[in-house]
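Asks: Sharing a structure with you now.
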Amino acid sequence: AAGEASAYPDANMVLTFDAPPSLISTGLIRIYKSSDDSKVDEIKLTNEINWLGVNWASQYRGINATMVEVSGSNVVITPHNGILQYGTQYYVQISNGTITGTIGGVTFDGLCKAAGWTFTTKTAPTGATVSVDDEGTADFRTVQGALNHFMKNQTSGGTINVQDGTYEEALFLRNIPNVNIIGQSQTGTIIQYENYETLNVGSGGSAASVSTTAGGGRSLFMVESCDLLTLETITLKS
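Position in the sequence shown counted from 1, then plus 381, gives you our numbering.
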């Protein structure tokens, strides 16, 4: 939210309109660091690749992905994986013509820095036991956020406790043993993601560097070089 002082770096950003808006494919959404106005992320409405594991793994998983979607009267924006850092203030810019609609009866013509969509991310969690909740208080909003934490900070795994909810995300884990992902309930904790052969071809594999070509495949959860991975009371749904 605008002015939020403890935002989750792995959360979506949401802009609410008076009625379902329309997206224009040529538009851009940018995120800047407030301290020096440096651009940290640029999100296109089409032809986007999300690289999972960036900055945390020795190999990355790239998937063709939709990063901006309309849900009812909301525009839901997904920053690229691992881009936002902890304890940092950012602001959002949206170019004119990216989204057509009205907010509070006023025609939306984009956002600049002066519009004030500024937020500060929370402090980084620590430890080998972490929590994920898509709405309530937890260490992470996404399961991939917790997996990133392990790939960055742990050498011998840990436990991720996932609260009930539907988590719309593809997953990637590499080179970390003894990871336990435990859902609150089998029927209530659901991880799912829209992925298919013509979007991301084949079983895929990781890459040694970020490029303009995604090769991460159509699987919901890609696991490489990991022993003793455990999933309990959780539903993976493709």
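We put the CB at the ideal spot given by N, CA and C, even for glycine.
As the structure is a computational prediction, the values presented were derived from the model and not from experiment.
Determine whether the beta carbon atoms of V451 and P402 lie at a separation below 8 Å.
Replies: Yes, they are a contact pair.
Asks: I'd like the list of long-range same chain contacts for Y577, defined as Cβ closer than 7 Å, with 5 residues on each side in sequence excluded.
Replies: Cβ within range, chain order: R599.
Asks: Mapping DSSP to helix, strand and coil, what is N529?
Replies: helix
Asks: Would you mind giving the Cβ-Cβ distance between V473 and L492, rounded to the nearest angstrom? I have them listed as a contact below 8 Å.
Replies: 6 Å
Asks: Taking K425 as part of the beta strand (DSSP E), name the residues at either end of that continuous run.
Replies: K420 to K425
Asks: Kindly indicate the opening and closing residues of the beta strand (DSSP E) around Y548.
Replies: G546 to E549
Asks: In this structure, how does DSSP classify N556 when only helix, strand and coil are distinguished?
Replies: coil
Asks: Where does K503 fall in DSSP's three states?
Replies: coil
Asks: Starting from W437, follow the beta strand (DSSP E) in both directions and report where the run begins and ends.
Replies: That residue, W437, is in no beta strand (DSSP E); it is neither H nor E in DSSP.
Asks: Three-state secondary structure (DSSP) at V513?
Replies: strand
Asks: Span of the beta strand (DSSP E) holding L617?
Replies: Here the beta strand (DSSP E) through L617 covers T616 to K618.
Asks: Going by C-alpha to C-alpha distance, which of A438, G408 and L609 sits closest to N534?
Replies: A438
Asks: Can you tell me whether T570 is buried or exposed, with buried defined as 16 or more other CB within 10 angstroms of its CB?
Replies: buried
Asks: According to DSSP, which residues form a beta bridge with S452?
Replies: N455
Asks: Near V604, what residues of its chain come up, given a Cβ to Cβ distance below 7 Å and the 5 sequence neighbours on each side ignored?
Replies: L554 and L610
Asks: Terminal residues of the continuous beta strand (DSSP E) containing K414?
Replies: L409 to K414 is the span of the beta strand (DSSP E), which, as asked, contains K414.
Asks: Could you have a look at V524 and say whether DSSP puts it in helix, strand or coil?
Replies: helix
Asks: I'd like the span of the beta strand (DSSP E) that includes Q565, first residue to last.
Replies: For Q565, there is no enclosing beta strand (DSSP E), as DSSP marks it with neither H nor E.
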